[in-house]
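Chains as they are written, first to last, in the numbering used here: chain A, 203 to 441; chain Y, 203 to 441; chain U, 203 to 441.
Single-structure report; data block below.
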Amino acid sequence: MILLFSDYGAVDIYSGQVRAAIWSHAPGVEIVDLLHTAPNFDIKASAHLLAALVPQFQIACVCLAVVDPGVGSQRDAVVMLADEKWYVGPDNGLLSVVAARASKVELWRITWRPENLSRSFHGRDLFAPIVALIEKGAFPHGKLADTVRLQVALDAGDLAEIIYLDHYGNAMTGLRAGAMEHGYKLHLGPVALPYAPVFSDGPGGQPFWYENSIGLIEIALDRGNAAALLKLKIGDPVR
Amino acid sequence: MILLFSDYGAVDIYSGQVRAAIWSHAPGVEIVDLLHTAPNFDIKASAHLLAALVPQFQIACVCLAVVDPGVGSQRDAVVMLADEKWYVGPDNGLLSVVAARASKVELWRITWRPENLSRSFHGRDLFAPIVALIEKGAFPHGKLADTVRLQVALDAGDLAEIIYLDHYGNAMTGLRAGAMEHGYKLHLGPVALPYAPVFSDGPGGQPFWYENSIGLIEIALDRGNAAALLKLKIGDPVR
Amino acid sequence: MILLFSDYGAVDIYSGQVRAAIWSHAPGVEIVDLLHTAPNFDIKASAHLLAALVPQFQIACVCLAVVDPGVGSQRDAVVMLADEKWYVGPDNGLLSVVAARASKVELWRITWRPENLSRSFHGRDLFAPIVALIEKGAFPHGKLADTVRLQVALDAGDLAEIIYLDHYGNAMTGLRAGAMEHGYKLHLGPVALPYAPVFSDGPGGQPFWYENSIGLIEIALDRGNAAALLKLKIGDPVR
């Protein structure tokens, strides 16, 4: 199964072209639009979101991951095998949180360049063909060179910031919930939020934190929009 | 064919995870994202929208239907066979308008709970595997218990309210158009809207009502945004 | 492969119904949601966008193309074969830029009308079945009549206007970049924008023009929103 993760937009011209490019190389493979609204140009928030979202899947998969404001510059493009899942994308830090948290990682630089390579859309022209070959089981040795580490590695510890706002207005942080005791409060500037197990257990009309479905600490409001109420935006610090 | 109907958002992290979960249990089945922007948390409006949208299909299908603000609480989860179409979702009223209007209904409670069940995302963890089994023709008797009626049943008569705003700014009501004479006007507070057969027949620059493509009375404006012009929102009453 | 191009909205009830209709006639065929946010009701901008987007594909495809504010009126519906790609849609100008730029064009009017034809949703009821038949290789001669030209033909030369704003805030024009020398500036009212090869080469913090991934001149801002900065909207003239 192929998973697409990007900031290409779910309502734009990019994700469909990537899908068509993959199918033109690997007809009929399963492609899931996992997320195309990763925070625009924001490699750090996206790297933490990717690391929460993809490794949890209990299936073999190839993830095309692109948040790539430096497309067309000198940054490398890489293929990564981390804990038996494949990732293809730019070497700009996006894959580095997944890499640092994996127990086993193999890496290759993409040395191949297609005949028609646009300067601004490597997802379609460079990454999609590589993803298609891996998904088909035709690993493209001739298009790759071994490498031992990523060029850009971000801090892979928990990130005490808002990293994603969903359409309900729930705000995900880069903090993994596993280590957080339920008696603790989550601080946002002067505001302290209590824990609740799930929306309908939340304090009536008040925002709270809970462990979301991908293991992160998330700020929510029962049948309401926590992000609007608390004026949250990506990058806001939490404690 | 599997139809997905939810308030998960079309540009968010949820619908892709549901799709991946279904394919992990039933590789390659056809999955249609029918609607992921059902009104957030709004069970009543969504129930009427679902009842207009899904039964019209002339095909066998399994509909995963989730608008579920009470996820993780004590509400039941159900499988329903209504007029030869399958529905899987929460027993919170969402399926009740379809049920009440069907000529033949069978019901089961989902008694199975997966090993990994998040508190907040039953669409992925609980409903998707059941949907996949039904679509594959492997009806999961062992995961279900017979039941005779839904726990929560909404009024299944026409709903004289705005239930959905589309991206053009057309506003659907919960009124079925079949019974409405074309000479009648649709009243929105002090405003009375005339009938027109289709957009290009509308009174120039003025909003009107017409029978939309799923059989509902809808307020529209030729090449314009009726919802913005009339400041319409979901739940507004009509007469 | 089937490509869907429309103003049906990517987060609405229409594109999923089209997909279900196609699969009900041609189970399992590959369908790509190429774009459902063509500018609402805007045939001219959409015609230029379609002509930049679809002919570039290096694959056989059938494109269902619908921007159709006159649906349900007397406008014709057509099938077009242009340079070995199929197009199905209304004869309202939308396909005319593709037609004028193709080296070889064949045309048919759709004379068939399905038993259940809604007045407002020909994409689902009329175009989807035709698209499905063509994709399956069952060309529907009996549902078509030969014709020699489109009823509505727009100017197919470069269009010196903004035709699309993407979610990053990049603004596409209807000018093909091939003929534009890089020393030239792009004028937007009193503003003159320099050329840059790609985002990361742009003048820091200043908007610029570049050749985008579908061959058009596009206005962009490195890691920023050019449309918001310059208050751009579809239809704005450029020089």
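Don't be surprised by glycine CBs; every beta carbon is placed ideally from N, CA and C.
All values derive from a computational prediction rather than experimental measurement.
About 7 Å separates the beta carbons of Ala358/U and Ser298/U, which is inside the 8 Å limit, making them a contact pair. Taking a Cβ-Cβ cut-off of 8 Å, the neighbours of Pro399/Y in chain U comprise Gly274 and Arg321, given in sequence order.
Taking a beta-carbon distance threshold of 8 Å, Met203/Y counts as an interface residue toward chain U. When Cβ pairs closer than 8 Å are counted between the two stretches, the segment 434–441 of chain A is seen not to touch the segment 216–234 of chain Y, the count staying below three. Excluding residues up to 5 positions away in sequence, Asp293, Arg311 and Gln353 lie with their Cβ nearer than 7 Å to the Cβ of Asp278/A in the same chain. Secondary structure of Glu232/Y (DSSP, three-state): coil. For Val234/Y, the closest Cβ of chain U is nearer than 8 Å. Pairing Ile233/A with Leu206/A gives a Cβ-Cβ distance under 8 Å.
Residue range Leu388 to Leu390 is occupied by the beta strand (DSSP E) that includes His389/A. Straight-line spacing of the CA atoms in His250/A and Leu390/Y works out to 48 Å. Look at the beta carbons and you see the segment 403–412 of chain U not touching the segment 341–351 of chain U: under three pairs across the two are nearer than 8 Å. Sequence-distant partners of Pro271/U (beyond 5 residues in either direction) whose C-beta falls short of 6 Å from its own C-beta, in its chain, are Phe243. From the beta-carbon of Val213/U, the residues of chain Y found nearer than 9 Å are Gly211, Ala212, Val213, Leu237, His238, Thr239 and His369. For Trp225/U, the chain Y residues whose C-beta falls within less than 9 Å of its own C-beta are Met203, Glu232, Val234 and Ile261, listed in chain order. The three-state reading of DSSP puts Leu346/U in strand, counting E and B together.
Excluding residues up to 5 positions away in sequence, Leu205, Leu206, Phe207, Leu255, Val256 and Cys265 lie with their Cβ nearer than 8 Å to the Cβ of Leu236/Y in the same chain. Every alpha helix (DSSP H) stretch that sits fully inside the segment 362–441 of chain U and reaches 4 residues is listed by chain position as 428–432.
DSSP places Ala301/U within a helical segment (H, G or I) once states are collapsed to three. The residue among Tyr386/U, Lys387/U and Leu423/U with its C-alpha nearest the C-alpha of Val400/U is Leu423/U.
The beta-bridge partner set that DSSP reports for Leu205/U consists of Val234/U and Cys265/U. Looking at the DSSP output, Arg351/A shares a beta bridge with no other residue. When beta bridges are read from the DSSP output, Trp314/A appears opposite no residue. Among the CB atoms of chain U, one or more fall inside 8 Å of the CB of Asn414/Y.
Taken through DSSP and simplified to helix, strand or coil, Val213/U comes out as coil. Nearest CB-CB separation between Arg378/U and chain A: not below the 8 Å threshold. In this structure, the beta-carbon distance from Val268/Y to Phe329/Y falls below 8 Å. The Cβ atoms of Leu434/Y and Arg378/Y do not sit closer than 8 Å to each other. At least one CB of chain A lies nearer than 8 Å to the CB of Leu255/U.
Look at Gly291/Y here: in three-state DSSP terms it is strand. The beta-carbon separation of Ile416/Y and Gln258/Y, rounded to 6 Å, stays under the 8 Å limit for a contact. Residues of the segment 307–318 of chain U with a C-beta atom less than 7 Å from some C-beta of chain A do not occur. Taking 8 Å as the cut-off, the Cβ atoms of Ala428/U and Gly371/U count as close. Against Arg425/A, chain U offers no close residue; the least beta-carbon distance is about 21 Å (beta-carbon pairs closer than 8 Å).
For Asn242/A, a Cβ of chain U is located within less than 8 Å of the residue's own Cβ.
Put simply, of Leu335/U, Gly339/U and Leu252/U the residue whose alpha carbon is nearest the alpha carbon of His227/U is Leu335/U. Under the 8 Å criterion on CB atoms, Ser402/A is classed as interfacial with respect to chain Y.
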